[in-house]
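To keep things clear, I will list the structure first and then write my remarks on it.
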Amino acid sequence: MSSMLAASLAASPVAAQVYGDGVGMWHGTWGWGHMVVGGLMMLLFWAAVIALIVLIVRWLSGSAREQRPPDRSALEILEERFARGEIEREEFEEKRRLLAGQAGAQKGR
11 MSSMLAASLA ASPVAAQVYG DGVGMWHGTW GWGHMVVGGL MMLLFWAAVI ALIVLIVRWL
71 SGSAREQRPP DRSALEILEE RFARGEIERE EFEEKRRLLA GQAGAQKGR
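Printed below as a string of structure tokens:
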């Protein structure tokens, strides 16, 4: 026990020489700034790791755009609305003629 005490006391002058002016490892010019910056860096690191994992999972599973059903034409939507009874026959016929006229006009361009 006394040899451990002697060894620790013998090391004290060495520590005093290394940190000569008393500005030791914890009392530098940053003060507690090392801990704040270190904490922020740790948060940024873990946020980057989590974001990377999410991106990899989304990439491996396929994007949401690929899983979306193909776009339907206006005529298909109109036919579905008529089939569900949301619009009357007259309105359906009128809108179908209108859509057919637009499709013909676009083909003529």
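Start counting at 1 in the sequence shown, then tack on 10, and there's your number in our numbering. Built from N, CA and C at the ideal position, the CB exists for glycine as well.
Classification of residue i by the beta-carbon crowding that lies within 10 angstroms, buried from 16 upward
i	result
L54	exposed
L65	exposed
L50	exposed
L62	exposed
Residue i - DSSP class collapsed to helix/strand/coil
i	result
S71	helix
I60	helix
I87	helix
G95	coil
R162	Any question about residue 162 goes unanswered here, given that the chain covers just 11 to 119.
Residue i and residue j closer than 7 angstroms at C-beta
i	j	result
I97	R106	no
A93	L109	no
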